[in-house]
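J.: Below is one structure. I have some questions about it.
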């Protein structure tokens, strides 16, 4: 079945440093979704990418969808303490979402 | 946030006892999902429902059963809880179409002693 792999599992950064998490699927995706989960909270939808090579920005967050629609990345510029949490990518499969394992980001002030 | 509630929010139980978790939505979404979240494993799908009385298994369904008698309610039952079922359980809702996102409930923390 479809698998979605995400790296790294953990990332510790100093406030102000950049951060990137990578997502790879074993199959071509119709779209890729990104979610953020704050510590003690629940996953919250951030964005969806649909087109090959698509790039979307949300303030300091930049999301990319690969040309082959099998990989994606989330880049945060100049991290802030409010960015802490776990970031998940997810790809759809038959009415379900297959989630990556997530990247847990910690930010040291 | 979407109108999703889970109950109870926290539960401590003993091995061998039955446990039922409830998910309630006010959004009239067709699809409902139960996930468990454990360190290093992300979100793993237990069961999902694509309509009243229509359910299917996810990747970690052993030891769990579900029921959906109304659009708004999706129940997850652990027939005989084991320590390996200690986890955080999330309910989610969605329209089930490829381009649709999922909305998550606040979660239930379950500890099986």
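Chains as they are written, first to last, in my numbering: chain A, 2 to 110; chain B, 9 to 121.
Just so you know, even glycine gets a beta-carbon here, dropped at the ideal spot from N, CA and C.
1) Note the first and the last residue of the continuous beta strand (DSSP E) segment covering residue 60 of chain B.
2) Which residues bound the beta strand (DSSP E) around residue 102 of chain B?
3) Enumerate in chain order the residues of its own chain whose CB-to-CB distance from residue 110 of chain B is below 6 Å, with the five nearest sequence positions on each side excluded.
4) Is the beta carbon of residue 50 of chain B sitting closer than 9 Å to the one on residue 7 of chain A?
5) Which residues in chain A sit within 8 Å of residue 113 of chain B, going by Cβ to Cβ distance?
6) Determine contact between the region 44-53 of chain A and the region 22-37 of chain B, defined as no fewer than three beta-carbon pairs at a distance below 8 Å.
7) In the region 29-40 of chain A, which residues sit with their C-beta less than 9 Å from some C-beta in chain B, listed in chain order?
8) Taking three-plus beta-carbon pairs below 8 Å as touching, is the region 52-67 of chain A in contact with the region 39-47 of chain B?
9) Name, please, each residue of chain B whose Cβ falls closer than 8 Å to the Cβ of residue 106 of chain A.
10) Do you know whose CA, among A:28, A:15 and A:20, lies nearest residue 67 of chain A's CA?
11) Using a cut-off of 8 Å between C-beta atoms, extract the partners of residue 93 of chain B located in chain C.
12) Taking 9 Å as the threshold (C-beta atoms), are residue 2 of chain A and residue 38 of chain A in contact?
13) What first and last residue would you give for the beta strand (DSSP E) that runs through residue 76 of chain B?
T.: Well, looking at it:
1) From DSSP, residue 60 of chain B is part of no beta strand (DSSP E); its letter is neither H nor E.
2) 95-102
3) 100 and 102
4) Result yes, Cβ atoms of residue 50 of chain B and residue 7 of chain A sit closer than 9 Å.
5) 43
6) No: fewer than three Cβ pairs fall under 8 Å.
7) 31, 32, 34, 36 and 38
8) These segments do not touch.
9) By Cβ distance, chain B contributes nothing, its closest Cβ being about 14 Å from residue 106 of chain A, past 8 Å.
10) Closest by alpha carbon: A:28.
11) Given the protein chain composition of this structure (A and B), no chain C is represented.
12) no
13) From DSSP, the beta strand (DSSP E) with residue 76 of chain B extends over 72-78.
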